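Below is one structure, written out as C-alpha cells; the observations come after it.
Structural data, given as C-alpha cells:
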C-alpha cells in the first residue's frame, strides 16, 4: 500500500497546484480565495473558492469550473488519481480576515469579537487598509483589523434601516473642501 502524500492528507494544497490554478482564476477576473485538496483513498476532492469585488454568479462558477477542470486535466500528475472538483464562492459564514473582506461587507451587519474579548454587532462602513468604520449603537467607531479576533457577516431578514445607511454612506465619502 503506497504511503499517502502528507500535503494532501493534511488538507494543504500542493504549491504547484496553486501555481497552476491561480493564473486561470485571475485571468477569468476572480481571486483564488482558498484551495483545498483532500484525499480519501485514491480519490481526491479539490475545492476551489473564488471571490470578486463585483460578486460572482452561478454562470461565472460554471464557466470557471470548466476552465479549472481543463487545466487540472493537463496537470493530473499533480493530483495523483481521480478527483472531484468543487468550484464555489465564499459563504456568508466566511470570517472577515482582511481589508478586502470588509470592503465586500460594506453596509452589512457584522458580529465582532475583539482580541480583548469584547463582543458587539455593527454595520460596516468604509474599510481602509488598517481599519474599518463601523456603526455600533448609533455611533461611528473605527476598529483596527489587528484588534479583531473574529468577525462575520450576520444574516438580516429585513432591509437595513435607512438612517444607518445614510450615516455610513456619509462617512464613506471624503470630506468636501470649502471653495467659497
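Numbering (our numbering), first residue to last: 230 to 409. By construction, the Cβ of each residue, glycine as well, lies at the ideal position given by its N, Cα and C atoms. What you are looking at is a predicted structure, and each value in this text was computed from that prediction instead of being measured.
Pairwise C-alpha distance: residue j and residue i
i	j	result
residue 396	residue 380	21 Å
residue 394	residue 359	22 Å
residue 308	residue 280	23 Å
residue 343	residue 270	41 Å
residue 376	residue 304	41 Å
residue 239	residue 268	For residue 239, the pLDDT reaches just 41, beneath the cut-off of 50, and the residue's location in the model is therefore unreliable, leaving the point undetermined.
residue 319	residue 327	14 Å
residue 247	residue 346	35 Å
residue 399	residue 322	28 Å
residue 391	residue 255	36 Å
residue 387	residue 257	34 Å
residue 295	residue 289	10 Å
residue 302	residue 273	13 Å
residue 300	residue 293	11 Å
7 Å Cβ shell around residue i - same chain, five flanking residues per side excluded
i	result
residue 331	325, 353, 356 and 361
residue 297	250, 253, 277, 314 and 316
residue 336	352, 353, 389, 394 and 397
residue 383	338, 339, 340 and 350
Residue burial classification, residue i (beta-carbon count within 10 angstroms, cutoff 16)
i	result
residue 259	buried
residue 291	exposed
residue 287	exposed
Beta-carbon contacts of residue i that lie in its chain and below 6 Å, excluding the five residues immediately before and after
i	result
residue 365	349 and 351
residue 275	266, 312 and 314
residue 263	278
Same chain, Cβ closer than 8 Å to residue i, five either side skipped, listed in chain order
i	result
residue 282	329, 332 and 333
residue 370	351, 362, 363 and 364
Requested in this report: Ignoring anything shorter than 3 residues or poking outside the stretch 369-396, list the beta strand (DSSP E) runs there in chain order.
Outcome: As far as the stretch 369-396 is concerned, its whole beta strand (DSSP E) runs of at least 3 residues are 377-382.
Query - In chain order, each beta strand (DSSP E) run of at least 3 residues that lies wholly inside the stretch 305-350 - result: Qualifying beta strand (DSSP E) stretches, in chain order: 312-317 and 338-343.
Query - Every unbroken alpha helix (DSSP H) inside the stretch 250-309 [4 residues or more] - result: For the alpha helix (DSSP H) assignment, the uninterrupted runs of no fewer than 4 residues enclosed by the stretch 250-309 are, from N- to C-terminal side, 287-303.
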